[in-house]
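*Asks:* I'd like to ask you about the structure that follows.
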RNA sequence: GGGCGCGUAGCUCAAUUGGCAGAGCAACUGACUCUUAAUCAGUAGGUUGAAGGUUCGAUUCCUUCCGCGCUCACCA
């Protein structure tokens, strides 16, 4: 981008000429009488005669998205609030100075106009302008007017331009806003209290992921950007907040992909005196309600498929049943429930699957439960388009969940899958401090085995549990992924306004080391 | 990180077998007082991502690098 190129200079020149006409270059305010959407809503069905009979005076503001000059008159389309309205400027009506100003306008400029509503010969609702006020200059040219901006990199880097040019992008983010609103409303309706817990944590806990590290100078300590708020929210249940939730960012230092961004938004909530089944039903309701609030119905398009969010369409099965159900024919006879009990039989399942289907990584030293979870991802996740709740996860991959009373290798935990994505995760919260210590210790063994993502020991968390945490169910819900599903967006970057990108050449940030030295 | 693909004017895209780098929109000048992808006449705009190589000649072929996209493996 050249800020000193010809068009930029030329438009600066025009801005000076506009000032010479007595219009400030960057005025402070403009008192409009209507938004464009209000006018479209109120007057779209009024006839030409009707508008002439009782004249409607309006004052609107917007960005010029199309402009046509014809000698001593002209048209333009103003865009505001994602809507467009045509204006008609006639030299006789706006005067010499007003018309001079109109001739100095460019695509992308902001103006305010006052006038009355009428219909043109072709019937388009328009404003017959009697006064133009200049509001702000667009010094850089907008992208081409009917293809818009399609270059994906530019769309993400210059989202402001993307939003001006592509109304469907604006729509996605309005829907995302409605989604978050709906989630908050559902939580509040159930008596949950919204809280904010640390983003910077001395121990990155509550999930299994690699964290980002940062440093606090005064305390001279490293801190982790949180990978989850979980352990803090559960401390709050110890403190007597029986129903708490937080909607905020988590940070995970992992790869990027169509459903992964290093920072992502999560709704996480904890409800005392219930278990995984209680929060399962609640989460299903919340999600179904969100679909209704965002889209107005319970059926949404998802690529080639249609997702039905209505209650009766939800399926529930255990992880083991899902592996059996979705077991590929090519991999031979379906597994039996008993195949999931011993290390040896799990290993042979993996071997059968790998031989027939595709290769999944397998480390014979890892716990059988971890292998089973990997097997589930490979066998079943790809098949789960319609809302499906998978329950009973291996204890080995669930260090914070309560075990099933009759099967200690399995936990009271579930996840919701929709459109081949995990969108929520909930469980009966482990509140026995001694059991929790043992789970952390076995995670530490995994860490020693080379699993960088295994959970760290958190002594203060165990101390909190030792004061007595009520029985509780807790849930994490991926807001970005739900937004993707409800807007038919097939990459997470289309529901994040400013996704992470490599820094642009020439726009590089200051070296953090320099900054450190300056402040030291 | 591996594999595949892409990078040409501000934007959207062309360029035959390796043979003069082009169009539309945007911009500039002029005409036009109901247009709407306004129209009409004219003008300007390029280190073809960068460096190197092959060749009489490279947007085109080769190598390296940079950037982007898709995809596979790990994470939600």
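Numbering (our numbering), first residue to last: 89 to 608.
Quick reminder that beta carbons are idealized off the backbone N, C-alpha and C, glycines included.
Because the structure is a prediction, the values reported are computed rather than measured.
1) Give every residue of the same chain whose Cβ lies closer than 7 angstroms to the Cβ of residue 424, excluding the five residues on either side of it in the sequence, and list them in chain order.
2) Taking only runs that begin and end inside the region 398-424, name each unbroken beta strand (DSSP E) of 3 or more residues, in chain order.
3) Going by beta carbon distance, what residues of the same chain come within less than 8 angstroms of residue 89, once the five residues before and after it are set aside?
4) By Cβ distance below 7 angstroms, which residues in the same chain neighbour residue 297 in space, the five residues on each side in sequence not counted?
5) Kindly list the residues whose CB is nearer than 6 angstroms to the CB of residue 398, restricted to its own chain and excluding five residues on each side of it in sequence; keep chain order.
6) Per the DSSP calculation, residue 204 is bridged to which residue(s)?
7) May I have the straight-line CA-CA distance separating residue 407 from residue 268, to the nearest angstrom?
8) Pick from 523, 535, 491 and 189: whose alpha carbon is nearest that of residue 515?
9) For the alpha helix (DSSP H) containing residue 180, name the first residue and the last one.
10) I'd like to confirm the pairing. Which residues does DSSP put opposite residue 152 in its beta bridges?
11) Which value, in whole angstroms, describes the spacing of the CA atoms of residue 464 and residue 478?
12) Would you call the CB atoms of residue 148 and residue 171 closer than 8 angstroms?
13) For the region 507-523 against the region 363-376, are there 3 or more C-beta pairs whose distance is under 8 angstroms?
14) State the CB to CB distance for the pair residue 419 and residue 455, rounded to an integer number of angstroms; the pair is presumed to be in contact (CB under 8 angstroms).
15) Since residue 95 sits in a beta bridge, which residues does DSSP pair it with?
16) Within 10 angstroms of the Cβ of residue 293, are there 16 or more other Cβ atoms? Answer buried if so, exposed if not.
17) Starting from the C-beta of residue 253, find all residues in its chain whose C-beta is less than 8 angstroms away, skip the five residues before and the five after it, and write them out in chain order.
18) Grouping DSSP H, G and I as helix and E and B as strand, with all else coil, what is residue 441?
19) Specify, as a first and last residue, the run of the alpha helix (DSSP H) that residue 325 falls within.
20) Give me, in chain order, the residues of the same chain whose beta-carbon lies closer than 8 angstroms to that of residue 38; leave out the 5 immediate sequence neighbours on both sides.
21) Assign residue 332 to buried or exposed, taking buried as 16 or more other Cβ atoms, counted over all protein chains shown, within 10 Å of its Cβ.
22) Under 6 angstroms Cβ to Cβ from residue 324, same chain only, skipping five residues before and after it: list those, please.
23) Check this for me: beta carbons of residue 462 and residue 497, under 8 angstroms apart or not?
24) Taking three-plus beta-carbon pairs below 8 angstroms as touching, is the region 208-224 in contact with the region 243-251?
25) Which class does residue 361 belong to by DSSP, given the choice of helix, strand or coil?
26) So is residue 604 buried or exposed if we call it buried at 16+ other beta carbons inside 10 Å?
27) Using a 10 Å radius around the Cβ and a threshold of 16 neighbouring Cβ atoms, would you call residue 600 buried or exposed?
28) So, under 8 angstroms CB-CB, residue 192 and residue 106 are touching, yes? Tell me the CB distance rounded to an integer number of Å.
29) Just how far apart, CA to CA, sit residue 546 and residue 382?
30) Report buried or exposed for residue 589, applying the criterion of at least 16 other Cβ atoms within 10 angstroms of its Cβ.
31) Taking only three categories from DSSP, how would you classify residue 602?
32) Say whether the region 152-169 touches the region 94-114, bearing in mind that this needs 3 or more beta-carbon pairs closer than 8 angstroms, one atom from each stretch.
33) Leaving out five residues before and five after residue 181 in sequence, what residues of the same chain have Cβ atoms less than 8 angstroms from its Cβ?
34) Measuring straight from C-alpha to C-alpha, what distance separates residue 118 and residue 183?
35) Cutting at 7 angstroms between CB atoms, please list the residues of its own chain near residue 379, excluding the five before and the five after it.
36) Please tell me whether residue 505 and residue 459 are closer than 8 angstroms, where the distance is taken between their beta carbons.
*Replies:* Let me lay it out:
1) none
2) 403-406
3) Bear in mind that the predicted position of residue 89 carries a pLDDT of just 33, short of 50, making it unreliable; the figure below should be weighed with that in mind. Excluding sequence neighbours, residue 89 sits near 228.
4) 315, 340, 342 and 541
5) 386
6) 145 and 216
7) 29 angstroms
8) 491
9) 179-192
10) 166
11) 10 angstroms
12) no
13) yes
14) A Cβ-Cβ distance of about 22 angstroms is found for the pair residue 419 and residue 455, leaving them out of contact under the 8 angstroms criterion.
15) Note: residue 95 sits in no beta bridge, so no partner.
16) buried
17) Apart from the 5 residues on each side of it in sequence, residue 253 sits with its Cβ closer than 8 angstroms to the Cβ of 230, 231, 236 and 237 in its chain, given in chain order.
18) The answer is helix: DSSP assigns residue 441 an H, G or I state.
19) 318-326
20) Lying before the first or after the last residue shown, residue 38 is absent from the chain, which here runs from 89 to 608.
21) buried
22) 332
23) no
24) no
25) coil
26) Residue placement at residue 604 is poorly supported in this model, since its pLDDT is 40, which falls under 50; the coordinates still yield a value, given next. That one is exposed.
27) Confidence at residue 600 is low in this model, with a pLDDT of 44, below 50, so the placement of that residue is unreliable and no value is reported for it.
28) 5 angstroms
29) 39 angstroms
30) exposed
31) With a pLDDT of 40 at residue 602, under the threshold of 50, the modelled position of that residue is not reliable, and the figure given next carries that caveat. Correct three-state label for residue 602: helix.
32) no
33) 203, 216, 217 and 218
34) 20 angstroms
35) 386, 388, 397 and 574
36) No; because the gap between Cβ atoms is not below 8 angstroms, this pair is not in contact.
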